[in-house]
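Worksheet: the structure to be examined is printed underneath.
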Amino acid sequence: MKSAQYSEEGLEVEFPIFQDLNQLPTPLGTLFYTQFSRLPLVDRLTSLPLMAAVIDFDNTDVAWRKYDSITARELFKQFGCSERLYRNVIGPLVQVGLFAPAEQCSAAATLGILYFIILAHQKNFDLVWCRGTLREKIFEPWMDSMRTRGCEFLDGRRVTDFIYDEERCCISDVVCGKETYSAGAVVLAVGISTLQELIKNSILCNREEFLKVLNLASIDVVSVKLWFDKKVTVPNVSNACSGFGDSLAWTFFDLNKIYDEHKDDSATVIQADFYHANELMPLKDDQVVAKAVSYLSKCIKDFSTATVMDHKIRRFPKSLTHFFPGSYKYMMRGFTSFPNLFMAGDWITTRHGSWSQERSYVTGLEAANRVVDYLGDGSFSKIIPVEEDEPHIEALRTVNRRFNEIRAQLPLSDYFLQ
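Numbered continuously in UniProt numbering, the sequence shown closes out at residue 418.
As structure tokens, this is what we get:
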């Protein structure tokens, strides 16, 4: 399904279904096929020098440490992006992808997500939308399947601590309030804020890698679902928006075209998700609805004459990872100093190359494989690698690596600040 990008001035970009078009070498397909409503060609061309940074960033530890200390805005400035390109296109894409303004995002994380979602291959930007909520269509059937295989889910139990076996030098039990469960291995698949609370009140505070997590930060999200009294034509199913306040980015979706339950509704059903939503969190529901409708009306004028018949608002404090400049050195790996405690999540460092939900899934599989390896029982999961670099990108990265190796051997190569 097609998607679009809006600013306060109106429609900025329409993205086609790239896999239906002739495949061009990256990044030509993205530049050529994307329909820019108001951005001149000369501004678009200023994005090309950024490919030098994309080639240099190969997802290694060295690359992360090189680019993580600067902001995304500084990166775009260094590589000559025009002000208009940054303000109306690239900056908003970063803000939606990493949930914070570009000046608050790590350049390393920016290069990683831009390459995975947009630049690696022309068709990467195409998205497949779930025909209902993820809980209903994916997680509940998945959990039912696991139950049939003997998996037990303990609702309402929050992990509060662990018991460490000094003789075996590993975790022996998981503590959930007043209850204790023996454990051969443990996987923590939680967000940063949840883990931070656990660290403060458990034996995890005795380990340096967990103490570093206390330096990380999370981002608030507000999700608004609106039922309008009439049909409003929404040209594109998925829409990214910015410019409605410097710190706020948001997306909205036409659920009539996505969810099976709404496809025959007589009225329009919209879901709008607001990221970095600190300013919306304390507002009352009717205030949030009013802001959402006001923003929607600036994108599609017909919303200004539609009336909200019903709404559903959900607030998720500190629920998304903030990849701020300098955060990489505090991020955890999939393994820990406890031999039987493993980590999973979109903020866990992996060399797989995936991002967001895909990264959570991949690190979950990696954690499961580590459990199998540790216990010596079970079958290893197959992890599908990301698609290989296109030949010209691979060749340029090879040349770039050799150049960096030669430069590293020069006298005083490590004297100057990189």
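No residue lacks a Cβ here, since even glycine has one placed at the ideal position from N, Cα and C.
Keep in mind it's a predicted model, so treat the numbers as computed, not measured.
Judged by DSSP secondary structure, residue 163 falls within the beta strand (DSSP E) whose first and last residues are 161–165. Bounds of the beta strand (DSSP E) holding residue 317 are 308–321. Between residue 81 and residue 46, the CB-CB gap stays under 8 Å.
In this structure residue 346 touches residue 321 by the C-beta definition: roughly 6 Å separates them, less than 8 Å. With 16 or more other Cβ atoms from the protein chains shown falling within 10 Å of its own Cβ, residue 101 counts as buried. Residue pairing for residue 270: DSSP places it in a beta bridge opposite 226, 254.
Here residue 305 is exposed, its C-beta having fewer than 16 other C-beta atoms within 10 Å. Of 279, 310, 367, the smallest CA-CA separation from residue 270 is found for 310.
The three-state secondary structure of residue 367, taken from DSSP, is helix. The secondary-structure analysis by DSSP pairs residue 14 across a beta bridge with 4, 35. Taken through DSSP and simplified to helix, strand or coil, residue 206 comes out as helix.
Approximately 15 Å separates the beta-carbon atoms of residue 214 and residue 203; this is outside 8 Å, ruling out the contact.
If you draw a straight line from the Cα of residue 224 to the Cα of residue 340, it is about 40 Å long.
Shown here, residue 70 sits in coil according to DSSP, grouped into three states, outside any helix or strand. Contact between the stretch 34–51 and the stretch 68–88 is established, with three or more Cβ pairs separated by less than 8 Å.
In this structure, the CA atom of residue 323 is about 17 Å from the CA atom of residue 358. Counted as a single uninterrupted DSSP element, the alpha helix (DSSP H) harbouring residue 192 occupies residues 192–200. Spanning the alpha carbons of residue 379 and residue 408 requires a straight line of approximately 43 Å. The Cβ atoms of residue 233 and residue 241 lie no closer than 8 Å to each other.
DSSP places residue 93 in the uninterrupted alpha helix (DSSP H) bounded by 91–98. Under the Cβ criterion (8 Å, minimum of three pairs), the stretch 68–78 counts as touching the stretch 103–122. Remark: C-beta atoms of residue 237 and residue 7 do not approach each other more closely than 8 Å. Counting only runs of 4 or more residues that sit fully inside the stretch 111–183, the alpha helix (DSSP H) segments are 140–148, in chain order.
In the three-state DSSP reduction, residue 63 falls in the helix class (H, G or I). As DSSP reads the structure, residue 232 sits in no beta bridge.
Annotation: residue 201 to residue 160 spans about 7 Å, alpha carbon to alpha carbon. Within the same chain, Cβ atoms closer than 8 Å to the Cβ of residue 196 are found at 213, 214, 216, the five residues on either side in sequence being excluded.
Residue environment for residue 142: exposed (fewer than 16 other C-beta atoms within 10 angstroms of its C-beta).
Here DSSP, grouped into helix, strand and coil, assigns residue 54 to helix. Annotation for residue 297: the continuous alpha helix (DSSP H) segment containing it runs 285–299.
Each of 264, 125, 331 was checked against the Cα of residue 191, and the nearest Cα belongs to 331. In the structure shown, the three-state DSSP call for residue 106 is strand. DSSP, reduced to helix, strand and coil, places residue 86 within a helical segment of the structure shown. Looking at the DSSP output, residue 342 bridges to 187, 335. Residue pairing for residue 219: DSSP places it in a beta bridge opposite 320. Rounded to the nearest angstrom, the gap between the Cα atoms of residue 138 and residue 386 is 22 Å.
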